[in-house]
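Structure record follows, encoded as structure tokens.
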Amino acid sequence: MNPTAYRGRFAPSPTGALHFGSLLTAVASYLEARTQQGLWLVRMEDLDPPREIKGAAREILKTLEQFGFEWDGDVIYQSQQDSAYQDALQQLKNKQLTFACNCSRKHLNNTASRSSEGIIYPGTCRHKIDIPPPYTTRIIAPDQTFHFIDQLQGPQKQNLHHSLGDFIIRRRDQLFAYQLAVVVDDHLQSITHIVRGSDLLSSTARQIFLQTMLSYQTPEYTHLPVLTNAEGNKLSKQSHAQALDLTHANLHLYRCLTLLVQSPPTELTNASLHELWQWAFTHWQIKHVPAVAAIDLSQDTNNTIYY
Ligand SMILES: [Zn+2]
110 MNPTAYRGRF APSPTGALHF GSLLTAVASY LEARTQQGLW LVRMEDLDPP
160 REIKGAAREI LKTLEQFGFE WDGDVIYQSQ QDSAYQDALQ QLKNKQLTFA
210 CNCSRKHLNN TASRSSEGII YPGTCRHKID IPPPYTTRII APDQTFHFID
260 QLQGPQKQNL HHSLGDFIIR RRDQLFAYQL AVVVDDHLQS ITHIVRGSDL
310 LSSTARQIFL QTMLSYQTPE YTHLPVLTNA EGNKLSKQSH AQALDLTHAN
360 LHLYRCLTLL VQSPPTELTN ASLHELWQWA FTHWQIKHVP AVAAIDLSQD
410 TNNTIYY
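Laid out in structure tokens, this is it:
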């Protein structure tokens, strides 16, 4: 296979059934991959067993199939990638970029300053030695501004030292942090293009930093608007987004295309899933997707069925 070819991915967390917000991301990443003659891989981000719902991963894959998505290769499960994450952590340790931290959340809440990203870790444990477990593992955040160009949201920059400080790559409970896992998996799956929700835009500088430290390629990033409810919360399991009603699968796909401002013709409202996908493969233009962080679904009375 041509190693420079487009390789995209969709990476849901099996914390519940697929809802309309995740469907929108799946549709955009799938159409972008397929119209670039690329591959589209699926990865289950089941990194956090306490948050998972039994059977949700299987349910999500079944729903994707029923919507007509076709993924390439085997589905990767983060729960089975522990040794790969361990290797990456060891590489970072060997470069003396990591340290153990036993600061309690309460202590940091009371003492550390804050940015729009949350607490800025003040470096308290950087030079402590022989901290007994349990401890979190942090990586030293460089005082350096990371610049990247998001394909939809435009130029972005972040200084990790000033906005977050040294961040966690392995949790106190020994689970690997999302930031490390996602970087390792994107590398192992040779992902070239990441199309995902704008809620992850502020994670991107951390991920580019980790890629650089691990000598991985940095993919192209495209951050889509996330869908929000009337309270401004992202549509998610936590905001009580409903599971998708598959008897209206074609209507859901039509709505996704409309919200992504692909302007499907009204006569396709009652088209079959197959006809809609055929139309979308021909007409998809990522540049028509609005370059905003969020779309408020409550402004569209047709969409109230989704939450
Ligand atoms: Zn600490």
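According to the working numbering, the stretch in the sequence shown is residues 110 to 416, in order. Ideal placement from N, C-alpha and C gives every residue a C-beta, glycine not left out.
Exposed unless 16 or more other CB atoms sit within 10 angstroms - verdict on Y416:
With a pLDDT of 48 at Y416, under the threshold of 50, the predicted position of this residue should be treated as unreliable, though the coordinate-derived value follows. So Y416 counts as buried.
Do T124 and ligand 1 come close, with the Cβ less than 8 angstroms from some heavy atom?
No, the Cβ of T124 stays beyond 8 angstroms of every heavy atom of ligand 1.
Considering only residues of the same chain and omitting the five flanking positions on each side of Y287, which have a CB-CB separation below 7 angstroms?
Cβ within range, chain order: L156.
Kindly list the residues whose CB is nearer than 6 angstroms to the CB of M110, restricted to its own chain and excluding five residues on each side of it in sequence; keep chain order.
With a pLDDT of only 48 at M110, under 50, the local geometry of the prediction cannot be trusted, and the value read off the model is given with reservation. None.
Mind checking L336: buried by the 16 CB within 10 Å criterion, or exposed?
With a threshold of 16 other beta carbon atoms within 10 Å, L336 meets it and is buried.
Would you mind giving the Cβ-Cβ distance between V293 and A193, rounded to the nearest angstrom? I have them listed as a contact below 8 angstroms.
Correct: roughly 5 angstroms between the Cβ atoms.
Inspect the beta-carbon positions of Q320 and H296 and report whether they are closer than 9 angstroms.
The criterion of a C-beta distance shorter than 9 angstroms is satisfied by Q320 and H296.
At 3 residues or longer, what runs of the beta strand (DSSP E) sit wholly inside the segment 156-225?
If we require 3 residues or more, the beta strand (DSSP E) runs fully inside the segment 156-225 come out as 207-210.
CA-CA distance, I277 and L217?
For I277 and L217, the distance between alpha carbons rounds to 13 angstroms.
Reducing DSSP to helix, strand and coil, say where D295 ends up.
Assignment of D295 by DSSP, reduced to helix, strand and coil, places it in the helix class.
Residues near E168 by beta carbon distance below 6 angstroms, same chain, minus five either side:
Answer for E168: A126, listed in chain order.
For G182, count the other beta carbons within 10 Å of its own beta carbon; 16 or more makes it buried, fewer makes it exposed. Which is it?
Result: exposed.
Taking the beta carbon of T413 as the centre, do at least 16 other beta carbons fall within 10 Å, making it buried, or is it exposed?
Per-residue confidence for T413 stands at a pLDDT of 46, beneath the threshold of 50, marking its modelled position as unreliable; no derived number is given.
Output yes or no for whether 9 angstroms exceeds the beta carbon distance between I303 and R118.
In this structure, R118 lies closer than 9 angstroms to I303 by Cβ.
Three-state secondary structure (DSSP) at T413?
Model confidence at T413 stands at a pLDDT of 46, short of 50, so the residue's coordinates are unreliable and nothing is read from them.
Any chance you could list the beta strand (DSSP E) runs of at least 3 consecutive residues sitting entirely within the segment 297-360, in chain order?
List check, beta strand (DSSP E) in window: 302-306, 329-333 and 335-337.
Say the cut is 8 angstroms; is the CB of N218 nearer than that to a heavy atom of ligand 1?
Not so, every heavy atom of ligand 1 lies at least 8 angstroms from the Cβ.
Can you give the Cα-Cα distance for Q394 and T313, rounded to whole angstroms?
Cα to Cα, the separation comes out at about 23 angstroms.
Nearest chain D C-beta to A221 closer than 9 angstroms, yes or no?
Within the model displayed, chain D is absent; a lone protein chain is all it includes.
Is DSSP giving R116 helix, strand or coil here?
Reduced to three states, the DSSP call for R116 is strand.
By how many angstroms is the C-alpha of Q199 removed from the C-alpha of T207?
Distance from the CA of T207 to the CA of Q199, rounded to the nearest whole angstrom, comes to 9 angstroms.
According to DSSP, is A402 helix, strand or coil?
Here A402 sits in coil by DSSP.
Taking the straight line between their C-alpha atoms, what separation do you get for Q316 and L284?
Their Cα atoms are separated by approximately 18 angstroms.
Using the Cβ count rule (16 or more neighbours within 10 Å means buried), how would you classify F390?
Counting Cβ neighbours within 10 Å, F390 comes out exposed, since fewer than 16 surround it.
When Y363, E161 and S299 are compared against Y115, the one with the closest alpha-carbon:
Checking every option, the nearest Cα to that of Y115 belongs to S299.
Should H361 go down as buried or exposed, given a rule of 16 or more other Cβ atoms within 10 Å for buried?
Counting every other CB atom within 10 Å of its CB across the protein chains shown gives H361 a total of 16 or more, marking it as buried.
Closer than 6 angstroms by C-beta to N268: which residues in its own chain qualify, once you throw out the five before and the five after it? Chain order, please.
Within the same chain, N268 has close Cβ partners T254.
Less than 8 angstroms between the CB of Y230 and some heavy atom of ligand 1, yes or no?
At a cut-off of 8 angstroms, the beta-carbon of Y230 counts as near ligand 1: some heavy atom of the ligand is closer than that.
Measuring alpha carbon to alpha carbon, tell me which residue in L132, A142, T144 and E154 is nearest T124.
The residue with the shortest Cα to Cα distance from T124 is E154.
Collapsed DSSP secondary structure at Y230 in the structure displayed:
In this structure, Y230 counts as strand in the three-state DSSP scheme.
For T246, name the three-state secondary structure that DSSP assigns.
In this structure, T246 counts as strand in the three-state DSSP scheme.
Boundaries of the beta strand (DSSP E) in which R143 is found, first to last residue
Run containing R143: none in the beta strand (DSSP E); it sits in the alpha helix (DSSP H), F129 to T144.
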